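Q: Mind looking over this structure? Questions follow.
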Amino acid sequence: MKKYAADNLMFLREQYPEIYKLVRNRTYNNGRFSVDPAKNGQPNLHVQVENGAGYHIYSKYDPELEANRWVESVDDSAPRSNDILMAGFGMGYHAAAFMNRFPDSRLYIYEPDIDVFLAAIETVDLRPILGNRQIAMFALGDEEAILVELLIGMYKTLKGQFGFFVLPYCKKLVPNLPGLLADLIPKLALSYGTDMRTISHYKAEWLENLILNMERNLRTPSFFPLKDSCKGLPAIIVGSGPSLGLEAEKLREVRKHAFIIAAGSSVQGLLHHGIEPHLIVSMDGGEPNQRVFANLEVGHIPFIYIPSIKYSAIRDDRSPYLMHGFFDMDVISHYFMDLTREDGVLASTSSVTGTCIQVAALLGFSDISFIGQDFSYPGDRMYADGIGHQVNRWETKEVESASLTVTNISGGQNRTNHSMLNLKRDVEAVVEAFPSISFYNASPVGAVIEHTSNKSLERLREEYQHLTFQEGWFKDKVVHSLSAYPEGRIIKVTEKIKQTQLELLHLKKQLKALDEHIKRNPSDVQAWLQQFEPLWTEVIEHPIYAKIFSFLLTAERTHTERYWGDMFNEANLERKKAKLMACISPLVEGLQKLVPLMDTCITDLSEKLNGRG
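When we follow UniProt numbering, the leftmost residue of the sequence shown carries the number 1, and every step to the right adds one.
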């Protein structure tokens, strides 16, 4: 009974190629399900249950009528949101009924059970449903990552709030799905919003730092050749939280037996307490990070920087222990240097601790402990003693405005805020990515960190006592293992920089022509719209826009993409022009700010490179 399989598969191959790859050459598990038509002849699915009679996912009499009644039951809540997440697809009855009742809605459909969809492919004509323009996205599979990808894709296109429903059969078939959605939706909304705000807020800073640090990148080695040089050893990643100060004495004692990695500004606190880390890792691009290193002499300490770091923060520029890595979202370095994994490319993280974890994992450490990663304000303190890159008034304001709480190591509650919780989730996600490494939380006062075990520094010292690190051993590894880039690669990068200067000049001319056209007040709107199209295309298809600005202006680009369809479908020419202007203005304004900035930075970089030697 594969009445519709061929037509459906051909349709999926054209319209949903990723879904097609997932379902081709497969059929549903008839040990779990059986197709059992309802009394009115419509396809229905019977679920086999161990030691039981099982159940049908729809009415045994009229599935379509059941779906229509369900739509009527949600009528009160659905119209408030044109964007709807529907968990469950089944045979498509509910989706069809919903789109018929709400023709302006956009559906984001998630079917967690592949077998259910495979049965639908064979028994229902899916083309009228999944081919409907109201279907915005369709996702299939029971992995949480698929649901996360759907939600992130949804947040990118939303015009406002959205509603979500879990279909009745789905609640029975996947009982944990409503709870999972209730947990993921607010978390991902917050995380996505934070990511967008971060890119939007720091785009000019990143552009400047990533370009101006390029000369330093070409002069210093990647840390990647140190891979596995610390295999099987224990490491302690130190953050700037209050527990660093509380445990400073114990940390000093354990330094002989474990490798100390200073995460960003924690180097201030460590040196304040007379503890020299074996390695510093820094990535933050703002002025506060410049203040961290302004009065510190750290040229004798191995130092890994990520090129997003404030370019003026590194003072000991010719240190033999200075090295670098890259973030995978570093579009500037990827563009100019054609990066590969062997260049030390790490997953981009919002916390320097997340970066330190990846560095430690690549170096081969088998046990990683945290101290100073408190992700909260224990004792209403934000930083340990000696951390002085933020003014006290700012710190006090942050603590006083903390309106959330988080469970601490002792089972009590610490004050915290959304920013701290986002950093905590960021670190927990990185920890989870390395299941072969043992992670410990040594803070006596900080927040609980998921995927870690509690273990005090005192206990760590006892367990690591059989190890003794010789002074300077890691410095020797850095000096003997690393070397700067070959001259041929440096020449290739400098040629790309020269070429980019010319391409930027071309982009500036295109942007100026577009801006002049936008400012015209046309009498013939139709002609104005026709002339706009090639000018717009030249800008957004320019290689520098595609490779660099489309990322740095993610929020602005997403705004344009979100409202483009509505503008495109507008029949009234005056309204179409007005919608077009509202649609593209943020992106055009962003380009008008960043293109001249990049031009200035590239000129400064060229002068630096010409003065090398």
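Virtual Cβ for every residue (Gly too), placed ideally from N, Cα, C.
Just so we're clear, the structure is a prediction, and the values are computed from it rather than from any experiment.
So, Asn-209 versus Gly-285, is the Cβ gap smaller than 7 Å?
A: Reading the sequence shown from its first residue, position 209 is the one you call residue 209. Reading the sequence shown from its first residue, position 285 is the one you call residue 285. For Asn-209 and Gly-285, yes; Cβs fall inside 7 Å.
Q: With 16 as the cutoff for other CB atoms within 10 Å, does Leu-177 come out buried or exposed?
A: Against the sequence shown, residue 177 aligns to sequence position 177. Classification of Leu-177: buried, given that the 10 Å Cβ count is 16 or more.
Q: Can you give the Cα-Cα distance for Ile-152 and Leu-188, rounded to whole angstroms?
A: The residue you call residue 152 lines up with position 152 of the sequence shown. The residue you call residue 188 lines up with position 188 of the sequence shown. Rounded to the nearest angstrom, the gap between the Cα atoms of Ile-152 and Leu-188 is 7 Å.
Q: Go to Pro-63, then tell me how far its alpha helix (DSSP H) extends in each direction, as first and last residue.
A: Working through the sequence shown from its first residue, we reach residue 63 at position 63. Residues 63 to 73.
Q: Could you pull the DSSP bridge partners for Ser-81 from this structure?
A: Here the question's residue 81 lines up with position 81 in the sequence shown. None, per the DSSP bridge assignment.
Q: Ser-333 and Leu-339: beta carbons closer than 7 Å?
A: Counted from its first residue, the sequence shown places residue 333 at position 333. Counted from its first residue, the sequence shown places residue 339 at position 339. The answer is yes: Cβ separation under 7 Å.
Q: Opposite residue 619 in the DSSP bridges: which residues?
A: No answer is possible for residue 619: it lies beyond the span of the chain, which begins at 1 and ends at 613.
Q: Out of Gly-163, Pro-307, Ile-544, Asp-515, which one is the CA nearest neighbour of Leu-218?
A: Start at 1 with the first residue of the sequence shown, and residue 218 comes out as number 218. Leu-218 has its Cα closest to that of Pro-307, out of Gly-163, Pro-307, Ile-544, Asp-515.
Q: Do the CB positions of Gly-386 and Gln-501 come within less than 7 Å of each other?
A: Here residue 386 is taken as the residue at index 386 of the sequence shown, counted from 1. Here residue 501 is taken as the residue at index 501 of the sequence shown, counted from 1. Cβ atoms of Gly-386 and Gln-501: not closer than 7 Å.
Q: Please report the straight-line C-alpha distance between Asn-414 and Leu-251, rounded to a whole angstrom.
A: By 1-based counting over the sequence shown, the position of residue 414 is 414. By 1-based counting over the sequence shown, the position of residue 251 is 251. Distance between the alpha carbons of Asn-414 and Leu-251: 23 Å.
Q: Quick check on the DSSP output: the beta strand (DSSP E) that includes His-334 runs from which residue to which?
A: One-based indexing of the sequence shown puts residue 334 at position 334. Not the beta strand (DSSP E): His-334 falls in the alpha helix (DSSP H), residues 331 to 337.
Q: Check each candidate in Asn-30, Val-445, Ser-319, Met-337 and name the one with the smallest Cα separation from Lys-492.
A: The residue you call residue 492 lines up with position 492 of the sequence shown. For the residues Asn-30, Val-445, Ser-319, Met-337, the minimum Cα distance to Lys-492 belongs to Met-337.
Q: Taking just the CA atoms, how far does Val-525 sit from Leu-535?
A: Counting from one through the sequence shown, the residue named residue 535 turns up at place 535. Counting from one through the sequence shown, the residue named residue 525 turns up at place 525. About 15 Å.
Q: Considering Met-323, what are the terminal residues of the alpha helix (DSSP H) in which it resides?
A: In the sequence shown, the residue the question calls residue 323 occupies position 323. Met-323 -> not in any alpha helix (DSSP H); beta strand (DSSP E) instead, spanning 322 to 324.
Q: Using only the alpha-carbon positions, how far apart do Asn-82 and Glu-589 sit?
A: Counting from one through the sequence shown, the residue named residue 82 turns up at place 82. Counting from one through the sequence shown, the residue named residue 589 turns up at place 589. Taking the straight line joining both Cα atoms gives about 29 Å.
Q: Under three-state DSSP, which class holds Ile-544?
A: Translated into the one-based positions of the sequence shown, residue 544 becomes position 544. In the three-state scheme derived from DSSP, where H, G and I count as helix and E and B as strand, Ile-544 is classed as helix.
Q: Quick one: using the 10 Å Cβ neighbour count with 16 as the cut-off for buried, is Thr-407 buried or exposed?
A: Here residue 407 refers to the residue found at position 407 of the sequence shown. Label assigned to Thr-407: exposed.
Q: Let me know the beta strand (DSSP E) ranges lying completely inside the segment 10 to 43, each 3 residues or longer, listed in chain order.
A: 33 to 35
Q: Mind checking whether Pro-242 and Ala-258 have CB atoms under 7 Å apart?
A: For the purposes of this step, residue 242 is identified with residue 242 of the sequence shown, where counting begins at 1. For the purposes of this step, residue 258 is identified with residue 258 of the sequence shown, where counting begins at 1. No, the pair does not count as a contact, with Cβ atoms beyond the cut-off.
Q: Are the CB atoms of Ile-260 and Cys-356 within a distance shorter than 7 Å?
A: Indexing the sequence shown from 1 puts residue 356 at position 356. Indexing the sequence shown from 1 puts residue 260 at position 260. In this structure, Ile-260 does not lie closer than 7 Å to Cys-356 by Cβ.
Q: Give me whichever residues DSSP pairs with Asn-454 in a beta bridge.
A: Here residue 454 refers to the residue found at position 454 of the sequence shown. DSSP output for Asn-454 lists Asn-441 as bridge partner(s).
Q: Hey, how far is the Cα of Ala-5 from the Cα of Ser-34?
A: Here residue 5 corresponds to residue number 5 of the sequence shown, with the count starting at 1. Here residue 34 corresponds to residue number 34 of the sequence shown, with the count starting at 1. Near 16 Å, if we compare the C-alpha coordinates of Ser-34 and Ala-5.
Q: Would you call the CB atoms of Gly-372 and Val-254 closer than 7 Å?
A: Within the sequence shown, numbered from 1, the residue matching residue 372 stands at position 372. Within the sequence shown, numbered from 1, the residue matching residue 254 stands at position 254. No, they are not a contact pair.
Q: Can you give me the C-alpha to C-alpha distance between Pro-320 and Val-479, rounded to a whole angstrom?
A: Within the sequence shown, the letter at position 320 stands for residue 320. Within the sequence shown, the letter at position 479 stands for residue 479. So the alpha carbons of these two residues sit roughly 7 Å apart.
Q: When the Cα atoms are used, what is the spatial distance from Leu-609 to Ser-481?
A: Taking the sequence shown and counting its residues from 1, the one referred to as residue 609 is at position 609. Taking the sequence shown and counting its residues from 1, the one referred to as residue 481 is at position 481. Spanning the two alpha carbons is a distance of roughly 25 Å.
Q: Between Ala-38 and Tyr-61, how many whole angstroms is the CB-CB distance? I'm expecting something under 8 Å.
A: Here the question's residue 38 lines up with position 38 in the sequence shown. Here the question's residue 61 lines up with position 61 in the sequence shown. Going by Cβ atoms, the distance from Ala-38 to Tyr-61 rounds to 6 Å, so yes, they are a contact pair.
Q: By Cβ distance, which residues of its chain are closer than 7 Å to Ala-513, with the 5 residues on each side in sequence left out?
A: As a position in the sequence shown, residue 513 is number 513, starting the count at 1. Contacts found: Leu-535.
Q: Looking at the secondary structure, which residues open and close the beta strand (DSSP E) in which Pro-234 lies?
A: In the sequence shown, counting from the first residue as 1, residue 234 sits at position 234. That run of the beta strand (DSSP E) goes 234 to 238.
Q: Check the C-beta distance from Glu-428 over to Glu-450 and give it rounded, since I have them as a contact under 8 Å.
A: Taking the first residue of the sequence shown as position 1, residue 428 is located at position 428. Taking the first residue of the sequence shown as position 1, residue 450 is located at position 450. Sure, about 4 Å apart at Cβ, within 8 Å.
Q: My assumption, with CB atoms under 8 Å, is that Thr-57 sits in contact with Tyr-169. Please give the rounded CB distance.
A: Within the sequence shown, numbered from 1, the residue matching residue 57 stands at position 57. Within the sequence shown, numbered from 1, the residue matching residue 169 stands at position 169. The question names Thr, yet the displayed sequence has Ile at residue 57. Yes, Ile-57 and Tyr-169 are in contact; Cβ-Cβ is about 4 Å, under 8 Å.
Q: Quick check: what's the CA-CA separation for Ser-419 versus Glu-297?
A: What you label residue 419 is simply residue 419 of the sequence shown in a count that begins at 1. What you label residue 297 is simply residue 297 of the sequence shown in a count that begins at 1. Distance between the alpha carbons of Ser-419 and Glu-297: 30 Å.
Q: Rounded to the nearest angstrom, what separates Thr-198 and Asn-44 at their Cα positions?
A: Your numbering for residue 198 matches position 198 in the sequence shown. Your numbering for residue 44 matches position 44 in the sequence shown. Near 48 Å, if we compare the C-alpha coordinates of Asn-44 and Thr-198.
Q: Following the continuous alpha helix (DSSP H) through Tyr-305, name the residue where it begins and the one where it ends.
A: Within the sequence shown, numbered from 1, the residue matching residue 305 stands at position 305. Here Tyr-305 belongs to no alpha helix (DSSP H); instead the beta strand (DSSP E) covers 303 to 305.
Q: From the DSSP output, which residues share a beta bridge with Ile-260?
A: As a first step, residue 260 is located in the sequence shown; it is residue number 260 there, counting from the start. Ile-236.
Q: Counting only runs that start and end within the segment 188 to 228, where is the beta strand (DSSP E) found for 3 or more residues in a row?
A: List check, beta strand (DSSP E) in window: nothing returned.
Q: Roughly how many angstroms separate the alpha carbons of Glu-247 and Phe-434, rounded to a whole number?
A: Here residue 247 refers to the residue found at position 247 of the sequence shown. Here residue 434 refers to the residue found at position 434 of the sequence shown. Straight-line Cα distance between these residues: approximately 26 Å.
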